[in-house]
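Q: Below: one structure in structure tokens.
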Amino acid sequence: MYEFLRDLDRRVIFSLMALAVAVPILLQFTPPEKATPIVRDAFETIEALDEGDRVYMAFDFDPASAGELQPMATAFVRHACEKKLKIYFTALWPVGPQFIKNAERDVISRDFPDMVYGEDFVDLGFKTGNEGVIKLVSNDLRTQYPQDARGTPIDDIPMMESVASIRDFDVIMNVSAGYPGTKEWVQYAVASAPDDVKLVAGCTGVQAPLLYPYYPQQLSGLLAAIKGAAEYESLLLGKYGRENEPGIYQEGLRRMAPQLSGHILMVGLIFVGNLVYFMARKRGEA
Amino acid sequence: MLKRTIPMLLAMAAGIVMILAYFFPWLTPLQDQTTVWFNILAAVAFILGGGNLLKVHLKKVSDRREGWAYSMITLAAFVGVLVIGLFKLGVNPLDDFPAQRMAGDFRAEGSGFWYVYEYVFAPLTATIFSMLAFYVASAAFRAFRAKNFEAILLLSTAFVILLGRTAAGVFLTDFLPEEGMLANFRLENLTVWIMNNPVTAGNRAIMIGIALGTASVSLKILLGVDRSYLGGGD
Amino acid sequence: MTHAARRGNATFGVLLVLIGVAIAILNAVALRPGAGTQWTQRTEHVHTLEDGTEVRWTEHEAVSVKEGREMAAADQDAAPLLSRTLGLWGAAILTLCIFSFLLGDNPLYKAAEAIVVGASAAYWMVIGFWETMVPNLIAGLFPEWTRSNFMPRLSEDASVDFLLLIPLALSVLLLLRLAPKIGWISRWPTAFIIGVFCGLRFISSLEADFLSQIGPTIKPLIVIGENGFDLESSFSNIVLVLGTLACLVYFFFSVEHKGAIGKVARSGIWMLMITFGAAFGYTVMGRIALLAGRFEFLFDDWLWLIDPKDAHPAQAFLQTIAPMLM
Chain S
5 MYEFLRDLDR
15 RVIFSLMALA
25 VAVPILLQFT
35 PPEKATPIVR
45 DAFETIEALD
55 EGDRVYMAFD
65 FDPASAGELQ
75 PMATAFVRHA
85 CEKKLKIYFT
95 ALWPVGPQFI
105 KNAERDVISR
115 DFPDMVYGED
125 FVDLGFKTGN
135 EGVIKLVSND
145 LRTQYPQDAR
155 GTPIDDIPMM
165 ESVASIRDFD
175 VIMNVSAGYP
185 GTKEWVQYAV
195 ASAPDDVKLV
205 AGCTGVQAPL
215 LYPYYPQQLS
225 GLLAAIKGAA
235 EYESLLLGKY
245 GRENEPGIYQ
255 EGLRRMAPQL
265 SGHILMVGLI
275 FVGNLVYFMA
285 RKRGEA
Chain V
23 MLKRTIPMLL
33 AMAAGIVMIL
43 AYFFPWLTPL
53 QDQTTVWFNI
63 LAAVAFILGG
73 GNLLKVHLKK
83 VSDRREGWAY
93 SMITLAAFVG
103 VLVIGLFKLG
113 VNPLDDFPAQ
123 RMAGDFRAEG
133 SGFWYVYEYV
143 FAPLTATIFS
153 MLAFYVASAA
163 FRAFRAKNFE
173 AILLLSTAFV
183 ILLGRTAAGV
193 FLTDFLPEEG
203 MLANFRLENL
213 TVWIMNNPVT
223 AGNRAIMIGI
233 ALGTASVSLK
243 ILLGVDRSYL
253 GGGD
Chain X
3 MTHAARRGNA
13 TFGVLLVLIG
23 VAIAILNAVA
33 LRPGAGTQWT
43 QRTEHVHTLE
53 DGTEVRWTEH
63 EAVSVKEGRE
73 MAAADQDAAP
83 LLSRTLGLWG
93 AAILTLCIFS
103 FLLGDNPLYK
113 AAEAIVVGAS
123 AAYWMVIGFW
133 ETMVPNLIAG
143 LFPEWTRSNF
153 MPRLSEDASV
163 DFLLLIPLAL
173 SVLLLLRLAP
183 KIGWISRWPT
193 AFIIGVFCGL
203 RFISSLEADF
213 LSQIGPTIKP
223 LIVIGENGFD
233 LESSFSNIVL
243 VLGTLACLVY
253 FFFSVEHKGA
263 IGKVARSGIW
273 MLMITFGAAF
283 GYTVMGRIAL
293 LAGRFEFLFD
303 DWLWLIDPKD
313 AHPAQAFLQT
323 IAPMLM
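Protein chains in written order, with this note's numbering: chain S, 5 to 290; chain V, 23 to 256; chain X, 3 to 328.
Structural data, given as structure tokens:
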């Protein structure tokens, strides 16, 4: 037994991981979720807004992290739509605009067909410059975005009227996969006017612990990794759930099933790995 | 002079404008202007990146170095995507300007560039990053050893987080009451406490350390003490 | 590893892809007919230009298979689209090619990797050009030309912004880095970029990551609530405040970590270990979520084994046998 475990081929571990993730997906069960305070704070920040308030929706991620972040992006957009907020989409990652288009297609035109482009939502698209873009929109948004992503000068877009800088938005909703992302939004946008600018964010697991020191002063709420997404979805479901809830609004909740078995496998692997280690020590091999 | 002094002065001037504008608001327009240029140059960096890749792989192919056939594939993918994107292949015109084909949205659903994103770029990059799940599992089995007290602390925190952030945590400590002092030890509550207190403390200290480091490095560069960014040579 | 063993691994990797594709074809032909098909709704656009020529194109909008079939039954213009179906199969095969690396390095993986490298570099270049260079630089310098070629919605009375000649010049200098002889001139724009970057970072890191972190760390160590002494909050605050200080002491290398300082520094290490443990936990969480995302793509979009988005015919046998298994 000891030799078997000691010389375990890593492909066996790979297969175990594949099974741990695949089987729950195929069985399609969804464990229950209860929101933690940090997610509830994010949700309540949006809930506190009034119809017609402006949210700056920054999609700073790419397909490589979509497994974690797509559910958050969908949930954020849905929440803003349910609350009838005005949505201003932007992206600091080159691939971000593709997710803006997905949100338009899968959420807005499907479930909120009354929303009008240019009046209820606008796509400002991607700009190069990372934190340079955040810095500039904090002072002068119109210079950074002379046109929207469709080439319309922003002076011709009704909902851009009287928008001069980031201070004119009620909340920044950021979905972040790394640099540039939530950290830079805190450093440049929130820091430029801590009393005027509110930020809620959804981020990857890797970033999450690094962002905790900003909460709750500089960051009003945070969806940390897929668990944060699932909690937010459960809150949305509780408040705005409808009959035959579309599957895209439960992506995070669904993903908690493979998460459960994957985590248990990880704990098991570390445990068995240590068992082997202590057995080896006892035998004087380590 | 041209190779060291001027670039150094340029860096100092640009950086000092950014800093002074914070203290003297009437410099803000100048700061904004500088940022506009910075952001445009960032786009050029993308083009430079492509140019560099082209250079490296063309060299590899022309030298017939090992794996040059894969360099050919890289080059073909590069040129293909570039042509599709820059010439807006497969892009429909805008409805109100049907005569201007080049005015269409190059990212729109159904365009050549959209195909590249949807069926090549997205699946490939997403899968590459998802592979880390396998490697992290293998590493956890082989490398995570409870050798001393510090390692035990690390491992037990990892356990609490891994279990407490799923339904397993709720299930395992379901015997504890939901209210009162003992409720703090329910795994899902313990996780929240760990994140809000020790983890915040640790990360805050790291954050402060990095902030001071960043500030001092920036200052060194702007004052011309650190010139390593100019590279070697004359 | 011996050469033969490596070749053996390569064979396993290639086999994984081949077997996967074979199963998928069998599945799409016999078990779940049409699995992986992509449907679109079509809209014809016909415009007659001023000179009398006709411009026409078909717009395709993705619809789920279910919606598509309903639309087709109602005589709406929806049908499967071959190019997108092939695209989806290509995407799935590329996904398997990457996964095949787990069983050993092999030509299929290497080819897929080569495609990623080339395609992403070009992808970013195209985006940088169309989304920043054109609207923020070229449109400002040549408004009329840009309007008549690329951005017809641009205002007709836009004037030339001569200040943009500066970033144009810097851009050209930066691109000269690719020229061997005069590459050094790219130091000018590089220095400008670094200068701006340092200026931005200097203020922001001090403001957001230093000054703003001090306030929330100064908390009462003994909390008196409505019902008197609050043990839980007091303990939390003590951990937060003393923990932060202890870690900072550990980072403070100018003093030797001996005696009392050494003890504090050691408790700082403990706090950091807890931090890293949490970071590890969250990293694992992230990685598994990404893998689940890819598996869902293969099982749902490609193989139709599951149907969480209510998109295609529900023939998921696992769904029906799951309750029996449980």
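For glycine and all other residues, C-beta sits at the position ideal for the given N, C-alpha and C.
The model shown is predicted, which means the values in this text are computed figures rather than measured ones.
#1: Since I believe S:F93 is in contact with S:L239 (beta carbons under 8 Å), could you give me their beta-carbon distance rounded to a whole number of angstroms?
#2: Give me the chain S residues within the contact set of V:F128, using Cβ-Cβ distance strictly less than 7 Å, ordered along the chain.
#3: With burial defined as no fewer than 16 other Cβ atoms inside 10 Å of the residue's Cβ, what is the status of V:F68: buried or exposed?
#4: Considering V:F60, what are the terminal residues of the alpha helix (DSSP H) in which it resides?
#5: Cα separation between X:I21 and S:A205?
#6: Can you give me, in chain order, the residues of the segment 207-219 of chain X that have a beta carbon less than 7 Å from any beta carbon in chain V?
#7: State the DSSP-derived secondary structure class of V:R226, mapped to helix, strand or coil.
#8: Going by Cα to Cα distance, which pick from S:F275, S:H83 and S:A212 is closest to S:L226?
#9: Got a sec? Which residues, its chain only, sit under 8 Å from V:W90 by beta carbon, not counting five neighbours each side?
#10: Kindly say whether S:F63, judged by its beta-carbon, lies nearer than 8 Å to any beta-carbon of chain X.
#11: Compare the C-alpha of V:N211 against each of V:V221, V:P220 and V:E200 and name the closest.
#12: Please list the residues of the segment 143-155 of chain X that have a C-beta atom closer than 9 Å to any C-beta atom in chain S, keeping them in chain order.
#13: Out of V:S250, V:S133 and V:V214, which one is the CA nearest neighbour of X:Y284?
#14: Would you kindly work out how many angstroms separate the C-alpha atoms of V:M153 and V:G235, rounded to a whole number?
#15: Thinking C-alpha only, which one of V:F109, V:G132 and V:E131 is nearest V:A125?
#16: Taking only runs that begin and end inside the segment 95-163 of chain S, name each unbroken alpha helix (DSSP H) of 4 or more residues, in chain order.
#17: Taking only the alpha-carbon atoms, compute the straight-line gap between V:Y141 and V:T147 and give it to the nearest angstrom.
#18: Extract the residue ranges of the alpha helix (DSSP H) inside the segment 152-239 of chain V, only unbroken runs of 4 or more that lie entirely within it.
#19: When you compare the CB of S:Q102 with every CB in chain X, is at least one pair closer than 8 Å?
#20: Just by C-beta distance, which residues in the segment 288-299 of chain X are closer than 8 Å to chain S?
#21: Within 10 angstroms of the Cβ of S:N143, are there 16 or more other Cβ atoms? Answer buried if so, exposed if not.
#22: Within the 8 Å Cβ cut-off, does X:S238 reach chain S?
#23: Tell me, please, whether the segment 43-60 of chain V touches the segment 153-165 of chain S by the rule of three or more beta-carbon pairs shorter than 8 Å.
#24: Determine which residues of the segment 262-289 of chain X have a Cβ less than 7 Å from any Cβ of chain S, and write them out in chain order.
#25: Using the rule of at least 16 other Cβ atoms within 10 Å of the residue's Cβ for burial, across every protein chain shown, is S:S113 buried or exposed?
#26: Go ahead and pull the three-state DSSP assignment for X:L20.
#27: Going by the DSSP bridge assignment, what does S:S180 pair with across the sheet?
#28: Should V:M124 be flagged as near chain S, meaning a C-beta pair shorter than 8 Å?
#29: Taking contact to mean 3 or more Cβ pairs, one atom from each stretch, closer than 8 Å, check whether the segment 72-79 of chain V and the segment 219-239 of chain X are in contact.
#30: Are the segment 157-174 of chain X and the segment 127-138 of chain S touching, with three or more C-beta to C-beta distances below 8 Å?
#31: To the nearest angstrom, report how far apart S:E165 and S:W189 are at their CA atoms.
#32: Does the pairing of the segment 135-146 of chain X with the segment 166-186 of chain X give three or more beta-carbon distances under 8 Å?
#33: Taking a Cβ distance cut-off of 8 Å, strictly less, list which residues of the segment 28-44 of chain S are near chain X, in chain order.
#34: Contact criterion: CB-CB distance below 8 Å. Does V:G151 meet it with respect to chain S?
#35: Excluding the 5 residues flanking S:A229 on each side, which residues of the same chain have their C-beta closer than 7 Å to its C-beta?
#36: Starting from X:H47, trace the beta strand (DSSP E) in both directions and tell me its first and last residue.
A: Concretely, from the data shown:
#1: About 22 Å; that fails the 8 Å criterion.
#2: Around V:F128, no beta-carbon contact reaches into chain S at under 7 Å, the shortest distance being about 10 Å.
#3: buried
#4: T50 to S84
#5: 42 Å
#6: S207, L208, D211, F212, Q215 and T219
#7: helix
#8: Cα-wise, what sits closest to S:L226 is S:A212.
#9: K82 and V83
#10: no
#11: V:E200
#12: F152, M153, P154 and R155
#13: V:V214
#14: The straight-line gap separating the alpha-carbon atoms of V:M153 and V:G235 is approximately 34 Å.
#15: V:A125 has its Cα closest to that of V:F109, out of V:F109, V:G132 and V:E131.
#16: 100-107, 135-143 and 145-148
#17: 11 Å
#18: 154-165, 171-186, 189-194 and 209-216
#19: no
#20: G288, R289, I290, A291, L292, L293, A294, G295, R296, F297 and E298
#21: buried
#22: With 8 Å as the cut-off, X:S238 does not count as an interface residue toward chain S.
#23: no
#24: T277, A280, A281, Y284, T285, V286, M287 and G288
#25: Looking at its Cβ environment, which holds fewer than 16 other Cβ atoms inside 10 Å, S:S113 is exposed.
#26: helix
#27: In the DSSP output, where bridge partners are listed per residue, S:S180 has S:D64 and S:C207.
#28: no
#29: no
#30: no
#31: 23 Å
#32: Here the segment 135-146 of chain X makes contact with the segment 166-186 of chain X; the two share three or more CB pairs at distances below 8 Å.
#33: I29, L30, L31, Q32 and F33
#34: The question names Gly, but residue 151 of chain V is Phe in the sequence shown. With 8 Å as the cut-off, V:F151 counts as an interface residue toward chain S.
#35: E72, T208, G209 and A212
#36: W41 to T50
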